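Here's what the structure looks like:
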């Protein structure tokens with residue numbers, strides 16, 4: 001296994017970091033630029049504040065998202081992508097190309113199977 | 001969101017398909033060539049037969065793994081990668097490059113934090 005997907009560990013780490021219902025959604029919004037907490041909440045629409053905090057903390061711990069606070073009253077918190085978050089974009093685009101193709105095929109197969 | 005990660009749905013589908021503890025491990029073995037069920041079980045080492053069957057069925061349903069049975073006694077079952085499974089390899093290599101780099105940074109940060 002040394003020469004084939006040698007860093008299984010790292011791959012699983014990424015799947016773990018990006019897995020779940022909201023992480024990719026959050027990233028897809030942050031690729032447009034930094035956002036305040038409330039803006040993220042509004043744009044996602046169906047996420048609870050508690051869950052959004054948790055997901056953002058995970059992304060921050062992984063070094064993908066950067067959290068900046070401003071000494072305003074009330075305090076302002078802004079989220080943006082780190083350099084690693086930005087370099088993830090072309091990688092996700094590559095996965096996406098493959099994914100769109102695969103999903104289309106799976107959908108077609110399922111349609112045929114239910115006819 | 002239309003122009004940024006436009007197929008979130010497909011990306012989430014891939015994370016779902018490849019998520020979990022075993023899928024990438026199974027793929028990493030099948031990238032070396034087809035394997036019988038027992039061979040896969042032995043090479044992974046710590047997976048239960050029931051779980052291995054489930055994971056292989058998921059990969060088969062996603063069109064990534066191909067299952068072939070031979071009319072021997074007892075019946076022989078061989079698993080190999082489909083064309084889509086094979087085209088996934090360079091995509092995973094790309095994710096891997098980014099993942100190795102990120103994981104290293106996260107590990108270094110954690111080491112510094114526990115000093």
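Residue numbers (the UniProt record's numbering), protein chains in the order written: chain A, 1 to 115; chain B, 1 to 115. Note that CB positions come from ideal geometry on N, CA and C, so glycine has one too. Every value quoted in this text rests on a predicted model; they were computed, and no experiment measured them.
- When DSSP states are grouped into helix, strand and coil, residue 28 of chain B belongs to the helix group.
- Close partners of residue 88 of chain A in chain B (Cβ separation under 7 Å): 98.
- Residue 38 of chain A and residue 82 of chain A have their C-alpha atoms spaced approximately 20 Å apart.
- Residue environment for residue 50 of chain B: exposed (fewer than 16 other C-beta atoms within 10 angstroms of its C-beta).
- Here residue 10 of chain B carries a helix assignment [DSSP, helix/strand/coil].
- The shortest C-alpha to C-alpha distance from residue 11 of chain B to any of A/102, A/115 and A/108 is the one to A/102.
- Comparing alpha-carbon positions, the option among A/67, A/95 and A/33 lying closest to residue 18 of chain A turns out to be A/95.
- The Cβ atoms of residue 36 of chain B and residue 97 of chain B lie no closer than 9 Å to each other.
- DSSP places residue 95 of chain B in no beta strand (DSSP E) but in the uninterrupted alpha helix (DSSP H) bounded by 83-114.
- The closest CA to that of residue 30 of chain B, considering only B/113, B/64 and B/106, is found on B/64.
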